[in-house]
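Here the structure is laid out as structure tokens; the discussion comes afterwards.
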Amino acid sequence: MGAQRLLMLLVANVLFIACSQQLQLLALKSEAAIERLALLDLRSSLGIRAADWHKKSDPCKSWVGVECQSGRVTGLRLHGLRRSKWGRLNPRFSVDSIVNLTMLSSFNSSGFLLPGSIPSWFGYRLSALQVLDLCSSSVSGSIPESLGNMMSLSVLKLSDNAISGTIPATLGQLSSLAVLDLSSNLLTGLVPPELYFLRNLVSLDLSTNRLNGMISSGMGNFSEIKYLNLSDNGFSSVVPAELFFLFKMVELDLSSNSLSGTLPEVRHLVNLQKMNLGSNYLEGSLSKETFFSLVQLESLVLRNNRFHGALPNVLWILPKLHFLDVSGNQFTGRLPDLGSNFNATIKVFNLSWNLFYGTLAVQLVKFGSVDLSGNYFEGVSLGSNLTKIQLMRNCLQMGNQRSLEECRSFYADQGVFGGVLLLVVLVVIMWVIQRSCRHVEVNGATNANAKHVSKDGTSASTMASVDVPHVGKSFTYEQLAQSTSNFNEKFLIKNGHSGDLYRGRMDSGTHITVKKVDVHVLNNESYVSELKFFDTVSHPRLVPFLGHCLDQDNQKFLVYKYLPNGDLAKSFNRKTSGTDGDLQSLDWITRLKIATGVAEGLSYLHHECNPPLVHGDLKATSIILDDNFEVRLGSFGEVHAQPESPPTSIPEFTNPRTPGQCLSGLSLTTCAHDVYCFGKIMLELVTGKVGMSDSDETIAKEWLEQMLSYISISDKEKLSKILDPSLMVDDDLQEEVWGMALIARSCLRPNPSKRPLMKHILRALENPWKVVRDGGPWLRTTSSRKSWAAAFFSSSSWRQNSSEGNAAFRRSGTSGSHSSSGQERQTSRKKLSSEIFPEPADAWFLESQNQD
């Protein structure tokens, strides 16, 4: 009887186990069926092509981007998936069905457009998620606070979107987080202190936002951090010393902020490979021991700060350092002997616009690119096999932009010159020699045998001077077609007169702008002029040129860095958040910042290039703005060298495609024409009528004449009749607006010789209220070049201290606000290397004197 009962129990256990396994199998099949339905629903809502997710196949085996484990979906990667025509025309953030993927641990939509905001249920329903990557997905709105509930999250990437608002403090609850990337968005406010509890962070990137306040010492809690990037924000105050005790740090980027004070000791960063502190207001000297222990350092950027003293010699013996940029500071002293036995591993270094002096003997066989311009070297002896070198604008070379007092003091100390008189004689002699040389023409239109000066200081015939395939990077047509979805219309930025502009994204994640030039349809060779231009010049105020594709017979392609705010005409009015399509225009601080940026770019072309270069196509659509509303000039298809004998009068209202051309086909536009066009842009910024001057010729001319009639030095109230009604300015800014209007009026004078030089305009825009208070040639209608020079270089009220003009380029510490609320924001008047000498007397200068 007992044996029979035992047998029955054994049979019952076997049946129970079999039933349990069957039930589990049925449950798995049921869950798999639910997940399959969820994926099909996701395919429908996102418009994914059936070829990638075919309904008759197994999602875990053949669906692109679907990762499974034991039949359950654990990962979704939308990157690279193709959409149907409906999906391309109706992209949206519609992923509700993924809540049914209960085992999902990774969701990656990088590069897959999901316009809309992140739903708050992400933080409540996707609790198992470990990786969330929404980079470059056109996401907008704010970061939901509920994301702080995703306790398993180790990677959160939201970069390169349009996310606004503040960083939620709840992200500090993500104790497992190792990677946090919020870069290239529109985030504002302070970094919440709760973030400093993320002690497992390995990588933190908050760059290219609108964050402000202090960099807290609490970041010293990131004991595991290797990559820290806070660049392109509005952070101010000193750099906390605690950052330099994070010994695991590999890359540190604090550039383009408003940081001040001295540089803390960096010797504890023994694993540091790259450090960028450029474009701040850091000062002080660098001690000899500061960099001694940084044996892993490969790249060091300290440009555009206020460092002074000698450059530590230890930099020249660091075993791995190959990139060094300390330009735009006040470093002084003699450089070490850079002879053939020099042991430095540096391949690229930029020491320009400092106070280095002495006789320079350089054997630069090892170096790839060298910039020593704007210092005080007495003589240069160069080695061979040199790739690129820039030694322009030293004290004994023409185009010097140092002050007379600096040069006089320096040479007095060195015993080279007996006094100022001899220096002046030397400058005049060199100018005569320079003027006797043949002027160059960048686009080769004026003279078939014209020559131009390239980046390395050499001259060659126009057509032979540019090795076109080596200007920038060479892209393949397939790369550009893939990055723009075969030049799909949804990526079209605009139809330009020299080609169509498309937005694209490379496989590396880099966003680009591609100009597609149809050579046969437009009979357009302007792309050749642009290639020659970018081979010749380089400046932070020019749109970043990346490369080209010239493989196609009928089409040519130029590639630039993508700047998210587009051109001025597009960015001047923006939709405000939280409203029903209401538009707000740029505030005054941002408008003045834009005007100053344009003046910096034109001042470089007119006064620092040899020969002076004329933009020739300046208007609102050729002023490109990055995410911080910093200016980058574009549209260089019309650029050319200034004619040696410019006409006394040029019709300013001409076809914008052929500005100032005569019957011979040779461009006669001059630097004065650029000044005129810039005057129209300043008037547009004051009145809010951006793009008006580029409209119909008759309408534009009538508008311009009407606006000028309201600009008067004797009646400030008249300006209020044409002032942009959306522009709300405080009492302390009203004189700045009035001053810009008066500057614009001076630029729009009919006689080209009566207009101010661009370097004078730049100086005035740094303090536009002085135009009203100090007056001078801005208030007279018959001012000549001579009176402009006298106003700036004889009046103490306009003279700048030489040390203030030392930096080659100062980036604004705070990003430009585009609201009209009048809220005050800190801003800095950006200055190029101030040109203290008045421009040497040229044909225009003499002509203006005769007319006076």
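In our numbering, the protein residues as written are 470 to 1321. In this text, a Cβ means the ideal position worked out from N, Cα and C, and glycines have one as well. As the structure is a computational prediction, the values presented were derived from the model and not from experiment.
The Cβ neighbour count for aspartate 840, taken over all protein chains shown within 10 Å, is at least 16; the residue is labelled buried. When Cβ pairs closer than 8 angstroms are counted between the two stretches, the segment 1061–1077 is seen not to touch the segment 667–685, the count staying below three.
In this structure glycine 610 is not in contact with proline 637, their Cβ atoms being roughly 12 angstroms apart against a cut-off of 8 angstroms. One thing to note: glycine 778 has its Cβ no nearer than 7 angstroms to the Cβ of serine 756. Secondary structure at alanine 779: strand, using DSSP grouped into helix, strand and coil. Selection Ser1195, Thr731, Thr1156, Asp1199 evaluated against alanine 1213 yields Thr1156 as nearest (Cα-Cα). DSSP places arginine 474 within a helical segment (H, G or I) once states are collapsed to three. When Pro1033, Lys1149, Leu1226 are compared, the shortest CA-CA separation from alanine 631 is found for Pro1033. Sequence-distant partners of glutamate 614 (beyond 5 residues in either direction) whose C-beta falls short of 7 angstroms from its own C-beta, in its chain, are Pro637, Thr639.
Contact between the segment 553–563 and the segment 525–532 is absent: fewer than three C-beta pairs spanning the two stretches fall below 8 angstroms. Secondary structure at alanine 1110: strand, using DSSP grouped into helix, strand and coil. Taking every protein chain shown into account, the CB of arginine 1224 has 16 or more other CB atoms within 10 angstroms, so this residue is buried. According to the DSSP assignment, valine 770 belongs to the beta strand (DSSP E) that extends over 768–770. If you look at threonine 571, you'll find it isn't in any beta strand (DSSP E); DSSP assigns it neither H nor E. When beta bridges are read from the DSSP output, aspartate 794 appears opposite Val770, Asn819. Contact check for glycine 1085 against valine 1100 fails: the beta carbons are separated by 7 angstroms or more.
Spanning the alpha carbons of serine 998 and glutamine 1021 requires a straight line of approximately 18 angstroms. Relative to the Cα of leucine 573, the nearest Cα in the group Leu545, Ser1072, Leu1226 belongs to Leu545. If you ignore the 5 residues before and after serine 762, its C-beta comes within less than 6 angstroms of the C-beta of Arg736, Val739, all in its own chain and listed in chain order. Minimum Cα-Cα distance from glycine 703 among the listed residues Asn1023, Phe1098, Glu1186 corresponds to Phe1098. Excluding five sequence positions before and after proline 662, the CB atoms of its chain that fall closer than 7 angstroms to its own CB belong to Ser685, Gly687, given in chain order.
Assignment of beta-bridge partners to cysteine 1018 by DSSP yields Phe1026.
Scanning Asn669, Val1006, Glu500, Asp1096 for the CA closest to the CA of asparagine 1079 turns up Val1006. Per DSSP, the continuous alpha helix (DSSP H) segment holding cysteine 529 begins and ends at 528–531.
Note on geometry: alpha-carbon atoms of leucine 1211 and lysine 1187 lie some 12 angstroms from one another. Cα atoms of threonine 677 and serine 1181: separation of roughly 41 angstroms, rounded to the nearest angstrom. DSSP, read as helix, strand or coil, puts methionine 1209 in helix. Contact check for leucine 766 against leucine 787 passes: the beta carbons are separated by less than 7 angstroms. For isoleucine 612, the number of other beta carbons within 10 angstroms of its own is at least 16, and it is reported as buried. Counted as a single uninterrupted DSSP element, the alpha helix (DSSP H) harbouring histidine 1229 occupies residues 1227–1235. Nearest to valine 671 by alpha-carbon distance, out of Gly658, Phe825, Leu656, Ser623, is Ser623.
Per DSSP, the beta bridge partners of valine 648 are Val624, Ser672.
If you look at tyrosine 696, you'll find it in the beta strand (DSSP E) that goes 696–698. Just measuring C-alpha positions, the residue of Thr543, Asn482, Arg474 sitting nearest glutamate 504 is Thr543. In the three-state scheme derived from DSSP, where H, G and I count as helix and E and B as strand, asparagine 1042 is classed as strand. Residue state for methionine 744 is assigned as strand, using DSSP reduced to three classes.
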